[in-house]
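Visitor:
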Amino acid sequence: MREHKYNYYSLRVPAEYKGLFIVLVPTSLGEGPRLFADFDVPNPTGHNASYEVKASSGGVSELRMLRTQSGFCGKSPLGVLGECTLYLGVGAGEVRCGR
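For the sequence shown, numbering that gives the first Met the number 0 assigns the number 0 to the initial residue and increments by one for each residue that follows.
#1: Could you tell me the boundaries of the beta strand (DSSP E) in which Gly60 lies?
#2: Grouping DSSP H, G and I as helix and E and B as strand, with all else coil, what is Cys83?
#3: Could you pull out every residue in the same chain whose Cβ sits closer than 7 Å to the Cβ of Gly88, ignoring the five residues on either side in sequence?
#4: Roughly how many whole angstroms lie between the Cα atoms of Asp39 and Cys72?
#5: Within 10 angstroms of the Cβ of Pro60, are there 16 or more other Cβ atoms? Answer buried if so, exposed if not.
What follows is the structure, encoded as structure tokens:
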């Protein structure tokens with residue numbers, strides 16, 4: 000049986016921030032967590048997020064985003080330095096064998 004769990008977060012991004020660096024460190028062993036991020040979708044998953052980062056070796060995920068990237072601050076024009084909100088969804092799967 001396979002279980003999935005998502006945790007959702009929101010982060011206000013001040014206008015003076017030029018970009019973001021997000022590090023996800025798993026607290027348990029098993030299948031690596033996947034990080035989804037979007038600036039428009041409050042509950043991003045692999046189906047509706049602008050960005051997806053899969054865990055690297057050791058399970059640590061990193062997401063680097065600059066305001067100049069497409070999709071930063073949602074539908075705002077590139078390079079606009081207004082405040083916006085980043086929505087994060089952290090998804091994890093677990094495989095369990097049972098009888």
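Every residue, glycine too, gets a C-beta built ideally from N, C-alpha and C.
Guide: In short, the structure shows the following:
#1: Taking the sequence shown and counting its residues from 1, one reaches residue 60 at position 61. In the sequence under discussion, the amino acid at residue 60 is Ser, which differs from the Gly named in the question. Looking at the DSSP string, the run of the beta strand (DSSP E) that includes Ser60 is 60-65.
#2: Here residue 83 refers to the residue found at position 84 of the sequence shown. Of the three classes helix, strand and coil, the one that applies to Cys83 here is strand, per DSSP.
#3: Here residue 88 is taken as the residue at index 89 of the sequence shown, counted from 1. Closer than 7 Å at Cβ, skipping near neighbours: Tyr5, Tyr7, Phe35, Asn42, Pro43, Thr44, Ala48.
#4: Counting from 1 along the sequence shown, the entry for residue 39 is found at position 40. Counting from 1 along the sequence shown, the entry for residue 72 is found at position 73. Distance between the alpha carbons of Asp39 and Cys72: 8 Å.
#5: As a working note, residue 60 is residue 61 in the sequence shown. The sequence given here has Ser at residue 60, not Pro. The residue in question, Ser60, is buried, as its Cβ has 16 or more Cβ neighbours within 10 Å.
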